[in-house]
């Protein structure tokens with residue numbers, strides 16, 4: 001095995017214990033990076049035999065910063081050619097590391113491989129099921145992926161690692177820079193990690209959607225064209241149409257009714273698309289409703305980014321758990 005495993009976390013509780021148990025014996029070395037936890041995470045990681053890196057609390061936390069610190073620790077002594085990154089709310093699926101390492105070893109042009117992430121408890125809530133659906137993407141060449149990934153150490157260094165100032169969609173930003181450096185990225189048709197979103201409340205879903213909007217704006221600005229479609233949809237459905245409805249209401253109910261019909265059509269179109277992907281009709285209707293509604297918290301997230309950007313302030317992490 002020529003893979004070091006970098007696990008990042010912040011107050012993950014039982015989820016971290018699950019991740020540590022799943023990681024036992026799978027990688028050459030386990031590095032745990034902690035972002036100021038107060039729940040005993042550091043002690044648990046040390047007890048599991050991990051090399052622990054505790055981030056300086058005086059510097060703003062971000063998943064990107066944590067992953068960089070883990071990579072540096074992994075490469076500091078007897079570096080491995082490949083590094084697997086996972087989040088503290090994820091558990092490795094047995095066999096993934098060997099398969100991913102074999103694929104990277106086969107093709108020197110590959111800088112990164114990822115696989116399929118799935119939810120541990122999709123039945124627990126609608127919000128968990130939304131995550132489970134989001135994680136399932138087609139295998140093959142990809143433009144970007146989530147934070148669970150195996151990276152060639154040479155490629156990571158050439159791309160400059162993660163940008164610690166990007167607080168959402170930092171994985172998209174990294175992948176795009178990796179591709180710009182000339183590396184290929186691929187999703188393998190294999191189970192990689194089991195994720196525990198633990199989202200049972202509407203407020204959690206809302207904050208997650210705000211975070212996504214922040215990512216659309218920040219990464220979209222850095223990489224023109226990326227997230228362009230998402231940003232246009234957010235602006236159209238989260239800002240322009242509501243303004244049209246408000247202005248039209250001064251002249252009577254016709255314009256607001258027409259706008260409401262447009263939202264209904266959008267919901268129906270989304271539900272139809274989910275049904276075409278094999279989702280049962282009742283579930284498709286529920287998820288389509290939240291997909292339609294998500295444009296509003298997305299807009300808030302985009303606004304948060306632009307306010308901090310114009311004020312020349314550093315963004316602060318948005319936690320939804």
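In full-length UniProt numbering, the protein residues as written are 1 to 321.
The beta-carbon is built from N, C-alpha and C at its ideal position, and this holds for glycine as well.
The shortest CA-to-CA distance from residue 74 to any of 258, 2, 109 is the one to 2. For residue 228, there are no CB contacts under 6 Å within the same chain when 5 residues up- and downstream are skipped. Around the Cβ of residue 192, a 10 Å sphere holds 16 or more other Cβ atoms; the residue is buried.
In this structure, the straight-line span from the alpha carbon of residue 89 to that of residue 151 is close to 20 Å. Leaving aside the five residues that flank residue 291 on each side, the residues in its chain whose CB is nearer than 6 Å to its CB run, in chain order, 270.
Under DSSP, no beta-bridge partner is assigned to residue 93. Taking residue 8 as reference, the option from 114, 57, 71, 60 with the minimal CA-CA separation is 71. Boundaries of the alpha helix (DSSP H) around residue 309: 295–310.
Apart from sequence neighbours up to five positions away, the residues of its chain that approach residue 137 with a beta-carbon distance below 7 Å are 187, ordered along the chain.
Secondary structure note for residue 31: its beta strand (DSSP E) is the uninterrupted segment 29–34. Out of 55, 102, 93, 314, the CA that lies nearest to the CA of residue 18 is found in 93. Between the alpha carbons of residue 141 and residue 80 lies a gap of roughly 24 Å.
Counting only residues of its own chain and dropping the five nearest sequence neighbours on each side, residue 315 has a CB closer than 6 Å to the CB of 167, 308. The beta carbon of residue 13 sits closer than 6 Å to the beta carbons of 39 from its chain, once the five residues preceding and following it are set aside; these are given in chain order.
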